[in-house]
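FYI, numbering that gives the first Met the number 0 numbers position 63 of the sequence shown as 62, with every residue one higher than the one before it.
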Amino acid sequence: MFGIVAPPAHVLSPAEVERYRFVYCGVCHCLKHDTGQLSRLSLSYDCVFLALVHLSLYEDEEHSVNGSCVFHPIANRPALSARSLHYAASMNVLFAYFKLLDDWVDNASRTARIASLLAQRSYRTASEQFPRQAHIIEQGVAALADIEQMALRTHASSAQSNALLQAGDKAAATFGAVLGEIFAPYPDRWQDLLREFGFWLGKFIYLMDAALDVEQDCANATFNVFRDTSLTSIEMRSILSTCMRYACEAFEKLPLVQDCTLMRSILYEGVWAQFNAKYEVAQQQTLGEQSE
0 MFGIVAPPAH VLSPAEVERY RFVYCGVCHC LKHDTGQLSR LSLSYDCVFL ALVHLSLYED
60 EEHSVNGSCV FHPIANRPAL SARSLHYAAS MNVLFAYFKL LDDWVDNASR TARIASLLAQ
120 RSYRTASEQF PRQAHIIEQG VAALADIEQM ALRTHASSAQ SNALLQAGDK AAATFGAVLG
180 EIFAPYPDRW QDLLREFGFW LGKFIYLMDA ALDVEQDCAN ATFNVFRDTS LTSIEMRSIL
240 STCMRYACEA FEKLPLVQDC TLMRSILYEG VWAQFNAKYE VAQQQTLGEQ SE
């Protein structure tokens, strides 16, 4: 995915930092074990959060494993082993593969093209293990491409920013529906709440990615919901906050105990870190120029 659902390290306790690292390293080890060494390069904070939710909800049996890591070759780090981590690792591979394809198409990135070719083997392994989820993601990515291309053609002919906003909401809902299905892997009593939570979190992730990449997408003439809309950072934050509020309402209805404080820190603060860094700096520069 996009690495937006990240931990706010500055507000976490030492125990929470260690717990997050334990889970993060566990997902990384699952990537190596399930789909090969190269797949570890794609590890996303978003899928680590997915693992945290499922670990807490389904109360997996947990084991600690030790092993060498190419990224930390000197000191072996303990890592968590549990069923939910293998699922999160496979979802990470599926999303990462299509993200590489998207970067190749949108930006003509040779690096993304080469990486996508190298990732094909890992993708096949993950899709064979979870064919339903692979099909859902593939269909969602195709639907997103159709929505975005149609929006660009419509915008070019009408020059109306409203067309982009409407298409962007439809695209965000499409990604949200995909993530909702990924968060609800089993036909159980929690599937509806998990879908609701994943849907709103997915909308937030899609729109947040657009807010962070708006200048780059404008330069590349690729689709962005906030392109040419003249929305201020305050207005963008309001749109994003609505999605996150609904996501948090669904999250709080889930019977989560383990790591709940850690996950709340991520949802209520961590997800805003990149937005704050980008737009608060811009606002401060503008205010500074106005005062001169």
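Backbone N, C-alpha and C define an ideal beta-carbon position, used for all residues, glycine too.
Please tell me whether Ser-126 has its Cβ less than 8 Å away from any Cβ of chain D.
Note that chain D does not occur in the displayed structure, where there is just one protein chain.
Considering Cα atoms alone, identify which of Leu-49, Glu-61 and Leu-151 is closest to Leu-178.
The option with the nearest alpha carbon to Leu-178 is Leu-49.
Could you check whether Arg-76 and Cys-29 sit closer than 8 Å to each other, using their CB atoms as the reference points?
Not a contact, by the Cβ cut-off of 8 Å.
So, helix, strand or coil for Pro-130, using DSSP?
In this structure, Pro-130 counts as helix in the three-state DSSP scheme.
Residue environment, Thr-231, which counts as buried when at least 16 other CB atoms sit within 10 Å
By the neighbour-count rule (16 or more Cβ atoms within 10 Å), Thr-231 is not buried but exposed.
Could you tell me the alpha carbon to alpha carbon distance between Trp-189 and Leu-253, rounded to whole angstroms?
Straight-line Cα distance between these residues: approximately 8 Å.
Identify whether Leu-77 lies in helix, strand or coil by the three-state DSSP scheme.
In the sequence as displayed, the identity of residue 77 is Pro instead of Leu. It is a strand residue.
Helix, strand or coil: which one does DSSP assign to Asn-91?
Reduced to three states, the DSSP call for Asn-91 is helix.
Quick one: what does DSSP say Val-4 is sitting in, helix, strand or coil?
Residue state, collapsed to three classes: coil.
Provide the residue(s) that pair with Asn-65 in DSSP beta bridges, ordered along the chain.
Pro-77, per the DSSP bridge assignment.
Tell me which residue opens and which closes the alpha helix (DSSP H) that Ala-50 is part of.
Under the DSSP assignment, Ala-50 falls in the alpha helix (DSSP H) whose first and last residues are 44-57.
Residue interval of the alpha helix (DSSP H) (run including Tyr-205)
Start and end: 190-219.
Skipping 5 residues on each side, what residues in its chain have a beta carbon closer than 8 Å to that of Leu-11?
Taken in chain order, the residues that qualify are Tyr-19, Leu-261 and Ser-264.
Specify the secondary structure class of Ala-166 as computed by DSSP and reduced to three states.
Of the three classes helix, strand and coil, the one that applies to Ala-166 here is helix, per DSSP.
Length of the line joining the Cα atoms of Leu-122 and Tyr-96
Looking at the sequence provided, one finds Tyr at residue 122 rather than Leu. Rounded to the nearest angstrom, the two C-alpha atoms are 7 Å apart.
Considering only residues of the same chain and omitting the five flanking positions on each side of Leu-340, which have a CB-CB separation below 6 Å?
Outside the shown range of the chain (0 to 291) lies residue 340, about which nothing can therefore be said.
Would you kindly work out how many angstroms separate the C-alpha atoms of Cys-27 and Ala-78, rounded to a whole number?
Their backbone Cα atoms lie some 9 Å apart in a straight line.
Sort Ala-209, Asp-191 and Val-92 by Cα distance to Val-47 and report the nearest one.
It is Val-92.
Would you tell me roughly how many angstroms separate the C-alpha atoms of Arg-152 and His-9, rounded to the nearest one?
Each residue's CA atom was taken as its position, placing Arg-152 and His-9 some 44 Å apart.
Is any heavy atom in the ligand GTP found nearer than 7 Å to the beta carbon of Asp-258?
Among the components modelled here there is no ligand, and therefore nothing to report on the ligand GTP.
Count the other CB atoms, across all protein chains shown, that sit within 10 Å of the CB of His-85; report buried if there are 16 or more and exposed otherwise.
Of the other Cβ atoms in all chains shown, 16 or more fall within 10 Å of the Cβ of His-85; this residue is therefore buried.
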